[in-house]
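K.L.:
Questions regarding the structure given below will be posed in turn.
Protein chains in written order, with this note's numbering: chain A, 1495 to 1913; chain B, 68 to 340.
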């Protein structure tokens, strides 16, 4: 009796070990991929989070009433008042070189910022105003602790003199770190301290909108026709194989196609979300078709029989019953395809969305750039200040993706409850 | 050679059985059905009596479901399926070029093996048919059709308070009665039932059988079943199929008490099948 039990135990434990081992492998694989993901996201967050803050410096600026026309603030040059204010603050800067270094403490766009503030508060004219302006990117980077001050002066972007001034300003509490709202509300800029992602985000969103409006109806109708109506013959099988092949075509090829056809042949406006969306639609179509066909195939045939059994025509059966049931799958597939399109850079480079555009686009025919292209542009820029901006833009892109996937999940839940 | 001889034997036997009802509504003459190269039905001749229940019995793969699906041309949707011969409904050839398959299926409803309500509300399940056929002009009229259909299917009392709930949320037997109600809502002449009780428990089966018995007054019912007892209980006429041939067709009482063919005898006593 006990012998039997022993035999059973020995055999059982071998299988048991195999199962344990397999589970261990699985666990290892999961934790490894999670670790990589964590490292990736972690490094991006570490590098990028500082981009959401920006250093500001307070300048005491003389705004003489006789030099500023209250009705034409926009036409006034504030640069000279700013420079004067800086010279007043640090009168020891007398040489041309020192003055230049002094001016470089504040952002090159600071005079425009002053102009805006004066426009908003005209009562500042004729007073001795205390105005906060952005520091230059070099100063900002130094204040964030990215600059090694032990380095030889010639190898640093900031001279010892500038560091001294900054220390003085800090002592007087005239330097502040604030939340960088401009990053979320502005367009691109040459100055790293001045850049924003809104232009790129809107550009991407508009492109995706065009892409969805074009590719979703086309893709769904193609899938419905191929799956429900097309005769199963050789010709349609060739179409099917080629749609699957299209899904694997490198995206830059679609970009070249868009360049040749949409821009050169049809003469559509370059660098616009319209053309970007059209190119992305070409790319997304095969994905949508494949996902839609799969979800159509998943609708049980009994539903088709039920509808046809009471005299619904083929079209009625398809559009009253089959398509609504397949819709959650179709939408999910489409959103996955669109998420892919959102991260696509190469085809957009081909149609000129790589241009340097400062304005936030107002419509689908305004020249703009897209988020991944913006990331590419910033990553390509030599200034140290763009490093954190690049990572921050990646974070924005990831957030955009997460929002899209959340929408997909919510839509799916909503629609599937009707089943 | 052998099979031809066999077929002739069968044909003579049917002529011997001498069952040619006068008040037939569906009449199949020399019907052959092919699935690609394979022939599934051989030279079928069958007249279905109006306002009665006709049971089609026989072992799996004998072609009874295939014949059933010929009557409302559900075989049309199978690309490789091909039907020859003539089938008439009330004297009209259903394969004629001027026949609209949609209105044919309205006249010849179908209930399937597995209950397949639409994943919509109970109300919409019933209302769908009348809606697409434009049978009602007002909401009140449609409400009436839904109520009448559910009452005829014996489901009204169970669902009248939850017409807006999902049809798929009902129990199996209720779902099947919902499917029957859905079929009768479009006022068919004939209802085809393809093993309607095979997915149901005995109690639900009994309910559906009672329902079939009541529906017989208004509709002609053709039912495919694997249960001999069910055929004996609900049907007036029974046709026995074997390997794509109609072996014997006659009054149910005759088939079950005095089968003329040896194969029928063997099947109903459980020796083959």
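Note that the Cβ used here is the ideal one computed from N, Cα and C, for glycine as well.
If we ignore side chains and look at the alpha-carbon of each, how far apart do residue 1597/A and residue 1667/A end up?
P.N.:
Cα-Cα distance, rounded: 19 Å.
K.L.:
Using DSSP with H/G/I as helix, E/B as strand and the rest coil, what is residue 335/B?
P.N.:
Looking at residue 335/B - three-state DSSP - the assignment turns out to be helix.
K.L.:
Please list the residues of the stretch 1775-1808 of chain A that have a C-beta atom closer than 7 Å to any C-beta atom in chain B, keeping them in chain order.
P.N.:
Answer set for the stretch 1775-1808 of chain A: 1796, 1797, 1799, 1800, 1802, 1803, 1804, 1805, 1806 and 1807.
K.L.:
Express the C-alpha separation of residue 147/B and residue 15/B in angstroms, rounding to a whole number.
P.N.:
In this structure chain B extends from 68 to 340, so residue 15/B is not present and cannot be described.
K.L.:
Can you tell me whether residue 190/B is buried or exposed, with buried defined as 16 or more other CB within 10 angstroms of its CB?
P.N.:
It is buried - the Cβ of residue 190/B has at least 16 other Cβ atoms within 10 Å.
K.L.:
Just by C-beta distance, which residues in the stretch 178-189 of chain B are closer than 7 Å to chain A?
P.N.:
Residues 179, 181, 183, 185 and 186.
K.L.:
Just checking: is the beta-carbon of residue 1688/A within a distance shorter than 8 Å of some beta-carbon in chain B?
P.N.:
Not an interface residue.
K.L.:
If you draw a straight line from the alpha carbon of residue 1890/A to that of residue 1827/A, how long is it in whole angstroms?
P.N.:
Those two C-alpha atoms are separated by around 23 Å.
K.L.:
Helix, strand or coil for residue 110/B? Go by DSSP, reduced to three states.
P.N.:
Looking at residue 110/B - three-state DSSP - the assignment turns out to be strand.
K.L.:
I need the DSSP call for residue 1640/A, collapsed to helix, strand or coil.
P.N.:
It is coil, neither helix nor strand.
K.L.:
Tell me, please, whether the stretch 1630-1640 of chain A touches the stretch 1714-1723 of chain A by the rule of three or more beta-carbon pairs shorter than 8 Å.
P.N.:
No contact exists between the stretch 1630-1640 of chain A and the stretch 1714-1723 of chain A.
K.L.:
Can a CB atom of chain B be found closer than 8 Å to the CB of residue 1819/A?
P.N.:
Chain B, which has a Cβ nearer than 8 Å to the Cβ of residue 1819/A, makes this yes.
K.L.:
Is it buried or exposed, residue 1688/A, if we count other Cβ atoms within 10 angstroms and call 16 or more buried?
P.N.:
Residue 1688/A comes out buried.
K.L.:
Using a Cβ cut-off of 8 Å, which residues of the stretch 1721-1741 of chain A contact any Cβ in chain B, in chain order?
P.N.:
Cβ contacts with chain B: 1725 and 1726.
K.L.:
Determine the burial state of residue 131/B: buried for a count of at least 16 other Cβ atoms within 10 Å of its Cβ, exposed for fewer.
P.N.:
Buried, because 16 or more other Cβ atoms sit within 10 Å of the Cβ of residue 131/B.
K.L.:
Specify, as a first and last residue, the run of the beta strand (DSSP E) that residue 264/B falls within.
P.N.:
Per DSSP, residue 264/B belongs to no beta strand (DSSP E) and is neither H nor E.
K.L.:
For residue 1857/A, name the three-state secondary structure that DSSP assigns.
P.N.:
Residue state, collapsed to three classes: coil.
K.L.:
Strictly by DSSP, which residues pair up with residue 313/B?
P.N.:
Its beta-bridge partners are 308/B.
K.L.:
Given a limit of 7 Å on CB to CB distance, which residues of the stretch 1812-1843 of chain A reach chain B?
P.N.:
Those would be 1815 and 1819, in chain order.
K.L.:
Can you name the residues of chain A whose CB is closer than 9 Å to the CB of residue 172/B?
P.N.:
The answer, in chain order, is 1802, 1803, 1804, 1805 and 1806.
K.L.:
Closest by CA to residue 94/B, which one among 158/B, 105/B and 164/B?
P.N.:
The candidate whose alpha carbon is nearest that of residue 94/B is 158/B.
K.L.:
Return no unless some Cβ of chain B is closer than 8 Å to the Cβ of residue 1810/A.
P.N.:
Answer yes: the Cβ-Cβ gap between residue 1810/A and chain B drops below 8 Å somewhere.
K.L.:
My output table needs one value for residue 105/B: the three-state DSSP class, helix, strand or coil.
P.N.:
In the structure shown, residue 105/B sits in a strand (DSSP, three-state: E or B).
K.L.:
So residue 1853/A packs on residue 1681/A, CB below 8 Å; how close in whole Å?
P.N.:
6 Å between Cβ atoms; contact.
K.L.:
Restricting to runs no shorter than 4 residues, where is the alpha helix (DSSP H) found entirely within the stretch 1603-1653 of chain A?
P.N.:
Segments of the alpha helix (DSSP H) lying fully in the stretch 1603-1653 of chain A: 1604-1614 and 1631-1637.
K.L.:
Using a Cβ-Cβ distance cut-off of 8 Å, determine whether residue 141/B contacts chain A.
P.N.:
Interface residue, yes.
K.L.:
Exposed or buried, what is residue 1519/A when buried is set at 16 or more other beta-carbons lying within 10 Å of its beta-carbon?
P.N.:
Counting Cβ neighbours within 10 Å, residue 1519/A comes out exposed, since fewer than 16 surround it.
K.L.:
Could you tell me the distance, in whole angstroms, from the CA atom of residue 1783/A to the CA atom of residue 1725/A?
P.N.:
Each residue's alpha carbon lies about 17 Å from the other.
K.L.:
Please confirm whether residue 154/B and residue 98/B have their CB atoms less than 8 Å apart.
P.N.:
It is a contact, given that the beta carbons lie within the stated cut-off.
K.L.:
Which residues mark the beginning and the end of the beta strand (DSSP E) in which residue 1556/A is found?
P.N.:
Note, residue 1556/A: beta strand (DSSP E), 1547-1556.
K.L.:
By the criterion of Cβ-Cβ separation under 7 Å, what are the contact partners of residue 196/B in chain A?
P.N.:
Result: 1804 and 1805.
K.L.:
Give me the chain A residues within the contact set of residue 249/B, using Cβ-Cβ distance strictly less than 7 Å, ordered along the chain.
P.N.:
Under the 7 Å cutoff, chain A gives 1804.
K.L.:
If we define contact as Cβ-Cβ less than 8 Å, is residue 263/B a contact residue for chain A?
P.N.:
No, because no Cβ of chain A sits closer than 8 Å to the Cβ of residue 263/B.
K.L.:
Count the CB pairs spanning the stretch 173-189 of chain B and the stretch 1770-1788 of chain A that are closer than 8 Å, and state whether there are at least three.
P.N.:
Contact fails: fewer than three Cβ-Cβ distances are below 8 Å.
K.L.:
What residues in the stretch 199-229 of chain B bring their beta carbon closer than 8 Å to a beta carbon of chain A?
P.N.:
Residues passing the 8 Å Cβ filter: 199 and 200.
K.L.:
May I ask which residues mark the beginning and end of the alpha helix (DSSP H) holding residue 1695/A?
P.N.:
Taken as a continuous stretch (DSSP letters only), the alpha helix (DSSP H) holding residue 1695/A covers 1692-1718.
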